[in-house]
Each structure stands twice: as structure tokens, then as C-alpha cells.
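First comes the structure, then the notes that go with it.
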Amino acid sequence: MAHDEVKHDYHLVNPSPWPLLGSMSVVVTALGGVTFMKGLFGLEKGTWWLLALGLAMVAWVMFGWWREVIKEGRHGDHTPVVMIGLRYGMILFIASEVMFFAGWFWSFFEFAIFNSARVGPNWDAANPLFAEGLSRFRDWPPVGVETFDPFHLPLMNTLILLLSGTTVTWAHHALQHDDRSGAKLGLLLTILLGMMFTCLQVFEYQHAQFTFDGTLYGSAFFMATGFHGAHVVIGTLFLIVCLLRLMAGNMSAEKHLGFEFAAWYWHFVDVVWIFLFAFVYVVPFLAHGG
Numbered sequence: 001m002a003h004d005e006v007k008h009d010y011h012l013v014n015p016s017p018w019p020l021l022g023s024m025s026v027v028v029t030a031l032g033g034v035t036f037m038k039g040l041f042g043l044e045k046g047t048w049w050l051l052a053l054g055l056a057m058v059a060w061v062m063f064g065w066w067r068e069v070i071k072e073g074r075h076g077d078h079t080p081v082v083m084i085g086l087r088y089g090m091i092l093f094i095a096s097e098v099m100f101f102a103g104w105f106w107s108f109f110e111f112a113i114f115n116s117a118r119v120g121p122n123w124d125a126a127n128p129l130f131a132e133g134l135s136r137f138r139d140w141p142p143v144g145v146e147t148f149d150p151f152h153l154p155l156m157n158t159l160i161l162l163l164s165g166t167t168v169t170w171a172h173h174a175l176q177h178d179d180r181s182g183a184k185l186g187l188l189l190t191i192l193l194g195m196m197f198t199c200l201q202v203f204e205y206q207h208a209q210f211t212f213d214g215t216l217y218g219s220a221f222f223m224a225t226g227f228h229g230a231h232v233v234i235g236t237l238f239l240i241v242c243l244l245r246l247m248a249g250n251m252s253a254e255k256h257l258g259f260e261f262a263a264w265y266w267h268f269v270d271v272v273w274i275f276l277f278a279f280v281y282v283v284p285f286l287a288h289g290g
């Protein structure tokens with residue numbers, strides 16, 4: 001259907017290969033992850049090339065698919081009705097992300113609150129063969145786990161993310177008022193703060209006194225904070241694309257859905273970190289007598 005023949009406010013998308021290619025990419029990435037961590041298809045544990053191939057395919061699909069969406073918007077296909085639908089879609093996506101992190105918080109809380117019930121009141125007498133192992137789970141965090149001091153690097157990272165939330169809001173407000181230089185500066189500062197957060201978290205991981213393997217605390221900690229770190233990296237890339245589009249003149253005060261969605265996503269990342277800081281860093285530290 002030619003664009004000038006459209007007589008309604010909705011956009012009927014053309015046949016696209018991206019959904020199928022996206023599904024194939026995710027399957028390759030999942031198989032690559034299993035191969036890297038455990039070994040699969042005769043490949044030894046630590047084999048990385050299949051995972052790298054899957055991630056490269058995912059990146060290619062995202063670039064191609066989102067490029068098509070941008071082209072649709074530039075061609076006038078994003079009518080007010082379509083834009084409402086896109087906003088609903090982004091809201092539902094963020095809601096699914098909320099539930100994703102709710103699962104990690106749930107597991108962390110379950111480990112923390114019901115650790116003694118899992119071991120049992122008579123763990124030493126009823127399970128003499130496993131008494132030494134079970135004794136590590138009587139307390140939370142387990143005995144021998146040295147938690148981070150939340151008021152050093154974690155607090156600094158918290159302040160960095162909160163500051164980045166203000167700069168991305170400044171950039172969005174500036175673009176709404178057609179202040180393109182202010183929007184570019186606010187976006188650039190947000191990107192730099194996001195990179196700073198990632199660097200500090202890598203530094204923090206390198207100095208952790210516990211590992212991913214061996215304790216429930218370590219597993220829960222690295223899964224929750226690691227996935228959040230991955231979201232920060234994705235959000236930073238999201239903002240970089242928005243900055244490049246803004247510099248190329250592809251956004252205006254009236255139409256900047258991509259930037260709006262990036263700002264929503266970044267605020268979501270900020271809020272998740274506040275909960276992580278409170279319940280994964282501060283509470284276990286205080287419970288340990290810190």
C-alpha cells in the first residue's frame with residue numbers, strides 16, 4: 001500500500017524478516033551461553049565463539065529492526081495513534097523488566113528471611129553428615145562471606161546514577177523546548193556518568209571477597225547486580241544512539257520518541273539500583289554488624 005493511499009491513523013507494517021532472525025539469534029546466543037558455561041555439542045566448557053556469534057547476530061537484528069522503525073517515523077507513518085501504541089509497548093516492556101528484577105529480589109529475600117527454616121532447627125543432630133555445610137547457611141549472609149561496605153564505592157555509584165537521572169531529565173526538557181545544545185550536553189553528561197558507573201562496578205567486582213560459586217549470597221548478589229550492570233550498558237548504548245541521531249538532526253521538539261523511551265529506560269535503571277543498594281548492599285552489611 002503506497003503511503004499516499006493511507007486513509008486511517010494506523011500503520012500497517014510491511015512483511016519483515018527481523019522477528020524470525022531475532023528468534024534465531026536468541027537461540028544461538030542461549031546455546032552459546034550454555035556451551036561457554038558448561039559445554040555442549042562436543043564443545044568444551046569455555047568455548048566462546050558460539051556465544052560471540054549469537055551476540056553479534058542479536059546486535060545486527062537490533063540495528064536493522066530499529067533502523068526500519070526510525071525510517072517509518074521519518075516517512076510520517078508514526079501518527080498520533082501509532083505513537084500512543086508505541087508508548088504502551090514501551091510501558092509494557094518496562095513492566096516486564098520490573099518483573100524480571102522482582103524475581104531476583106524475591107530469591108534474595110527468600111534466602112535472607114527463610115535461611116534458618118531451610119536448614120531446620122535440629123540441623124546438627126538430624127544431618128550429621130551435612131552439618132558442616134549446613135552451618136554456613138544458618139546466618140545471612142552466610143558465615144565467611146565478607147560483604148561490601150555500601151558507603152564506599154556502592155554509595156558513589158548510587159550518587160552517580162542519581163546525578164545521571166537529573167542530566168537525562170535536563171536533556172529531555174531542553175529538547176522539548178528546542179534547546180538542542182542543552183539537550184546534547186545533557187545527553188553527553190548522562191552517557192559519561194553511565195560509563196563511569198560501569199567502570200566502578202567492574203572495579204568493585206575485581207575486589208569482591210566472595211565469588212559467584214559456592215554461596216547462595218554470591219550467586220544472588222552477582223546475578224542481581226550483574227543484570228543491572230548489563231541494563232546500564234544497554235541504556236548507555238541507547239543514549240549514545242539518541243545523541244548521534246540528535247546531532248544528525250533526526251529529532252525535534254515535537255517528535256523524539258526514541259529519546260523519550262531512552263529517558264524512561266534510564267529512570268527505570270536508576271530506581272532498580274536504589275532498591276539494590278538498599279536491600280543487597282546496606283541491609284546485609286548492617287546484618288553483619290557493619
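With UniProt numbering applied, the sequence shown has no gaps in its numbers, which climb one by one up to 290 at the end. We put the CB at the ideal spot given by N, CA and C, even for glycine.
Could you tell me how far apart the beta carbons of residue i and residue j are, in whole angstroms, since I believe they sit closer than 8 Å?
i: V28; j: G64; result: Not really, about 16 Å apart at Cβ, beyond 8 Å.
i: V145; j: Y217; result: 5 Å
Report the rounded CA-to-CA distance for residue i versus residue j, giving the unit in angstroms.
i: Q206; j: A30; result: 26 Å
i: F227; j: H172; result: 26 Å
i: V61; j: V26; result: 10 Å
i: D149; j: L155; result: 9 Å
i: E97; j: I274; result: 15 Å
i: G33; j: L86; result: 31 Å
i: F285; j: I191; result: 30 Å
i: G22; j: A56; result: 11 Å
i: G186; j: S16; result: 35 Å
i: Y265; j: E254; result: 20 Å
i: F36; j: V269; result: 28 Å
i: W66; j: H75; result: 14 Å
i: W170; j: R180; result: 11 Å
i: L12; j: H78; result: 11 Å
i: P141; j: F151; result: 18 Å
i: A59; j: I91; result: 22 Å
i: L159; j: H231; result: 17 Å
i: S50; j: Q176; result: Residue identity check: residue 50 is Leu in the sequence provided, not Ser. Taking the straight line from one Cα to the other gives about 44 Å.
i: V233; j: S107; result: 24 Å
i: M24; j: W18; result: 10 Å
i: A112; j: M83; result: 43 Å
i: T147; j: K38; result: 28 Å
i: G103; j: A95; result: 13 Å
i: E110; j: A52; result: 34 Å
i: F203; j: F93; result: 30 Å
i: C199; j: M99; result: 27 Å
Using CA coordinates, which residue listed in the options is at the minimum distance from residue i?
i: A263; options: F101, V69, G235 and N14; result: G235
i: F197; options: L161, L188 and G249; result: L161
i: Y281; options: I94, R67, P15 and F222; result: F222
i: F238; options: A52, S181, L188 and V13; result: L188
i: D178; options: M251, M37 and I91; result: M251
i: K71; options: N14, T167 and C199; result: N14
i: T166; options: G39, H267 and I94; result: H267
i: I240; options: C199, V168, F203 and G39; result: V168
Can you have a look at residue i and say buried or exposed, based on whether 16 or more other CB atoms are within 10 angstroms of its CB?
i: E44; result: exposed
i: W48; result: exposed
i: E260; result: buried
i: C242; result: buried
i: residue 291; result: Residue numbering for the chain in the displayed model covers 1 to 290; residue 291 lies beyond these limits and cannot be assessed.
i: A249; result: The amino acid at residue 249 is misidentified as Ala; the sequence shows Gly. With fewer than 16 Cβ atoms within 10 Å of its Cβ, G249 is classed as exposed.
i: G46; result: exposed
i: G229; result: buried
I'd like to know whether the C-beta atoms of residue i and residue j end up nearer to each other than 8 Å.
i: L153; j: A224; result: no
i: L246; j: A174; result: no
i: Q201; j: N157; result: yes
i: L244; j: G73; result: no
i: G194; j: S164; result: yes
i: Y10; j: V69; result: no
i: F101; j: V272; result: yes
i: F279; j: F41; result: no
Residue i CB to nearest chain B CB: under 8 Å?
i: S181; result: Absent from the structure is chain B; it holds one protein chain and no more.
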